[in-house]
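The numbers in the numbering used here rise by one with no breaks, and the one at position 80 of the sequence shown is 80. Ideal Cβ positions, reconstructed from N, Cα and C, are used throughout, including at glycine.
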Amino acid sequence: MTLLGDAAHLRAPNGEGANLAMQDGAELGRALAAHPEDVEAALAEHERSMFVRAAAVEADDDGFYSIMIDDDAPHSLLALMAGAAQDS
Ligand SMILES: Cc1cc2nc3c(=O)[nH]c(=O)nc-3n(C[C@H](O)[C@H](O)[C@H](O)COP(=O)(O)OP(=O)(O)OC[C@H]3O[C@@H](n4cnc5c(N)ncnc54)[C@H](O)[C@@H]3O)c2cc1C
C-alpha cells in the first residue's frame, strides 16, 4: 500500500496541491513500469521521490499558514485572493 496526493502530503492552498497529486500519479506509474516484478521496490522509489517533492513545496507554505491564521485573518487571506485576482 502507498499514499499519494493530499492523502500523503496535505498542504496549505498555495496552488501546488493538484500539481503534486498528478505528478505523484505519473511517478508512481513510472516506478511500477520500471519494476514490474517488484512492487515493493516500485513503491519505495515512488515514496522517496514524492517526499523530496513535497518537502520542497512545504518550504513555501509558511507564509500561507500565517495569512490564514494570523490576527488579521480572514481579511489577510481575502486580500491575497483579491490581489491574485487583479494580477490575472
Ligand atoms: C478551495 C481549494 C482550492 C484549491 N486550489 C488549488 C489550485 O489553485 N491549484 C492546485 O494545484 N491545487 C489547489 N487545491 C488543492 C487540490 O484541490 C488538491 O491538492 C488535489 O485535489 C489533491 O488531489 P487528490 O487526488 O490527492 O485528492 P482529492 O482531489 O481530494 O481526491 C480524493 C478523492 O477520494 C474520494 N474519497 C474519499 N474517501 C473515499 C472513500 N472512502 N472511498 C472512495 N473514495 C473516497 C473523494 O471523494 C475524492 O474524490 C485547492 C484545494 C481547495 C480545497
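- For V52 and H75, the gap between their C-alpha atoms comes out near 33 Å.
- Distance from the CA atom of A7 to the CA atom of A31, rounded to whole angstroms, is 19 Å.
- Between D61 and the set L20, N14, S49, I69, the nearest pair of CA atoms involves N14.
- Secondary structure note for A73: it is in no alpha helix (DSSP H), with a DSSP letter that is neither H nor E.
- A direct Cα-Cα distance of roughly 8 Å separates A42 from P36.
- In this structure, G17 places its C-beta atom within 8 Å of the C-beta atom of R11.
- Setting aside the 5 residues that flank it on each side, E45 is surrounded in the same chain by A31, each with a C-beta closer than 6 Å to its C-beta; the list follows chain order.
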